[in-house]
Amino acid sequence: MEADTHLIHPHLPLDNTRRFIMDKGEGCLLWDTNGNDYLDATGGLWLAQIGHGRREIGEALSKQASRLEYFTSFWDFTNSSILKLIPTLLELVPSHITDFVFTSGGSESIEAAIKTARYYWYKKGQPEKNWILSRRNAYHGAAYGGGCASGFEADNFGLGPLVPHFRHLTPPHTYRSWLFDGQDPVDFCIAELEQSIEEIGEDNIAAFIGEPLLGVGGMVTPPEGYWPKLEAVLRRHNILLIQDEVVTGFGRTGSWFTCQRYGVQPDIITVAKGITSGYMPMGAAMMRKEIADTVREGIGFPVGYTYSGHPLAATAAAVNLSIIKDEGLVERANTIGDYLAAGLHAALDDLPVVGEVRHAGMAFGIELVKDKQTREPLEPQVAIADEILDEFHVVVRCTNPTIIVMSPPLILSEAQADRIVEAVSTVV
Ligand code: PLP
Numbered sequence: 002m003e004a005d006t007h008l009i010h011p012h013l014p015l016d017n018t019r020r021f022i023m024d025k026g027e028g029c030l031l032w033d034t035n036g037n038d039y040l041d042a043t044g045g046l047w048l049a050q051i052g053h054g055r056r057e058i059g060e061a062l063s064k065q066a067s068r069l070e071y072f073t074s075f076w077d078f079t080n081s082s083i084l085k086l087i088p089t090l091l092e093l094v095p096s097h098i099t100d101f102v103f104t105s106g107g108s109e110s111i112e113a114a115i116k117t118a119r120y121y122w123y124k125k126g127q128p129e130k131n132w133i134l135s136r137r138n139a140y141h142g143a144a145y146g147g148g149c150a151s152g153f154e155a156d157n158f159g160l161g162p163l164v165p166h167f168r169h170l171t172p173p174h175t176y177r178s179w180l181f182d183g184q185d186p187v188d189f190c191i192a193e194l195e196q197s198i199e200e201i202g203e204d205n206i207a208a209f210i211g212e213p214l215l216g217v218g219g220m221v222t223p224p225e226g227y228w229p230k231l232e233a234v235l236r237r238h239n240i241l242l243i244q245d246e247v248v249t250g251f252g253r254t255g256s257w258f259t260c261q262r263y264g265v266q267p268d269i270i271t272v273a274k275g276i277t278s279g280y281m282p283m284g285a286a287m288m289r290k291e292i293a294d295t296v297r298e299g300i301g302f303p304v305g306y307t308y309s310g311h312p313l314a315a316t317a318a319a320v321n322l323s324i325i326k327d328e329g330l331v332e333r334a335n336t337i338g339d340y341l342a343a344g345l346h347a348a349l350d351d352l353p354v355v356g357e358v359r360h361a362g363m364a365f366g367i368e369l370v371k372d373k374q375t376r377e378p379l380e381p382q383v384a385i386a387d388e389i390l391d392e393f394h395v396v397v398r399c400t401n402p403t404i405i406v407m408s409p410p411l412i413l414s415e416a417q418a419d420r421i422v423e424a425v426s427t428v429v
């Protein structure tokens with residue numbers, strides 16, 4: 002299609018001219034403009050919890066668009082749709098979370114969270130507390146603050162000076178055992194954190210930001226005890242904990258929020274994606290009351306977006322969340338996730354190039370290696386995802402550098418899970 006030559010595709014080398022022009026979706030299936038069907042094992046971009054083409058959302062959006070498509074949430078204005086969504090959210094989010102900054106997506110939510118943390122300390126009379134601790138192989142969006150928090154060099158390559166005062170620590174990627182100098186991974190990460198705090202000074206650090214499990218980094222699930230120990234260190238040193246639940250929120254890993262699964266209470270939680278299952282762009286930085294009260298006190302919070310609390314996004318979120326609740330999709334993420342994981346383990350564990358198959362609910366990572374003994378990663382093999390797509394019409398991705406990652410809709414059927422196992426295991 003000629004129009005496509007005018008699109009700048011993210012992360013697509015110019016010599017790659019493959020295009021799949023998606024035109025229609027229903028449940029876990031997609032159709033391209035030539036009528037070919039595909040099984041969506043990535044849930045779009047890690048978000049289609051309730052699947053594609055839900056009429057309930059289409060109808061609600063149509064009604065809302067003809068009633069009030071938009072009005073600003075700046076100054077003394079708001080709108081009835083976003084106010085209707087808030088009680089629903091308060092029922093679902095961890096009970097210590099009470100206040101929200103709404104955004105248009107994940108990257109804006111991260112910016113809001115980082116600015117909230119820095120501004121909080123400014124308002125508390127500690128403006129020098131502005132360092133942000135993060136981790137290598139973390140992904141926190143494509144804006145400048147989040148981009149600097151992210152731990153992939155390629156994402157900042159050629160972009161000029163970065164935002165100062167970010168430090169990247171070791172991710173708890175236990176399979177890559179060489180990262181931990183022969184020590185227990187949790188002990189290593191905690192000691193490294195303590196040492197960084199000592200070097201930078203706790204009076205200079207605003208927050209630690211981390212995904213509960215590293216998504217783009219390869220669906221890396223943390224070892225037992227990692228988060229509670231890390232949280233305890235941060236509390237002791239008066240450093241805020243921001244958890245980036247843009248991928249892991251709203252049922253993806255088998256609990257509403259993954260911080261609940263790992264037993265921590267972040268001060269700020271960023272969300273997007275699953276809040277609307279992609280039916281409208283939306284995100285939020287959600288926080289506990291004392292932080293919210295501190296940043297809105299006096300002249301008010303200095304961060305706002307034109308589309309904060311957009312009525313159509315709020316409508317899509319309300320219907321999406323009621324579908325997730327009514328259809329028991331958070332529980333289903335566990336049952337169908339375990340079913341798919343069992344199939345993947347049975348088909349893949351003994352293959353010489355498969356190092357580890359891991360999952361939490363419906364987030365999956367399959368680590369491919371040159372050698373099972375040394376655990377050395379296989380060279381980048383975009384061809385694996387391409388072949389799974391071409392031969393089996395199943396959409397998966399490869400990341401960091403050769404981890405197959407998947408996050409199918411939570412409504413996936415057992416037959417569709419079997420189709421994923423067959424496609425992945427045959428090509429691998
Ligand atoms: N945070 C995480 C953990 C993500 O995985 C992403 C996107 O994949 C983002 C933030 C950025 O979200 P968005 O692409 O909606 O700006």
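So for the sequence shown, my numbering puts the first residue at 2; every next one is plus one.
Beta carbons: idealized from backbone N, C-alpha and C, even for Gly.
As the structure is a computational prediction, the values presented were derived from the model and not from experiment.
DSSP state of residue i mapped onto helix, strand, coil
i	result
residue 53	strand
residue 1	Since the first residue shown for the chain is 2 and the last is 429, residue 1 is missing from the structure and cannot be characterised.
residue 101	strand
residue 5	helix
residue 346	helix
residue 59	helix
residue 32	strand
residue 203	helix
residue 168	strand
residue 257	coil
residue 300	coil
residue 373	coil
residue 408	coil
residue 378	strand
residue 135	strand
residue 41	strand
residue 177	coil
residue 20	coil
residue 417	helix
Whole-angstrom C-beta distance between residue j and residue i, which should lie under 8 Å
i	j	result
residue 58	residue 280	5 Å
residue 362	residue 253	6 Å
residue 325	residue 251	7 Å
Burial state of residue i (16 or more Cβ within 10 Å)
i	result
residue 114	buried
residue 82	buried
residue 76	exposed
residue 408	buried
residue 224	exposed
residue 278	buried
residue 337	buried
residue 389	buried
residue 69	exposed
residue 274	buried
residue 10	exposed
residue 410	buried
residue 431	Any property of residue 431 remains undetermined from this structure, which presents the chain solely from 2 to 429.
residue 402	exposed
residue 292	buried
residue 138	buried
residue 161	exposed
Residue i CB to nearest heavy atom of the ligand PLP below 7 Å
i	result
residue 134	no
residue 118	no
residue 263	no
residue 111	yes
residue 47	yes
residue 140	yes
residue 351	no
residue 392	no
residue 108	yes
residue 212	yes
residue 219	no
residue 284	yes
residue 216	yes
residue 273	yes
residue 143	yes
residue 397	no
residue 164	no
residue 245	yes
residue 248	yes
Chain-order list of residues whose beta-carbon lies under 8 Å from that of residue i (same chain, five-residue window excluded)
i	result
residue 420	40, 393 and 395
residue 260	95, 213, 228, 244, 246, 266, 267 and 270
Own chain residues within Cβ distance below 6 Å of residue i, not counting five before or after
i	result
residue 241	118, 208 and 268
residue 404	219, 366 and 368
residue 201	132
residue 106	273, 282 and 284
Neighbourhood of residue i by C-beta, 7 Å cutoff - its chain only, sequence neighbours within 5 removed
i	result
residue 256	262 and 331
residue 289	97, 98, 99 and 268
residue 320	57, 58 and 61
Any chain C beta carbon closer than 8 Å to residue i
i	result
residue 320	The structure shown contains no chain C; it is built from a single protein chain.
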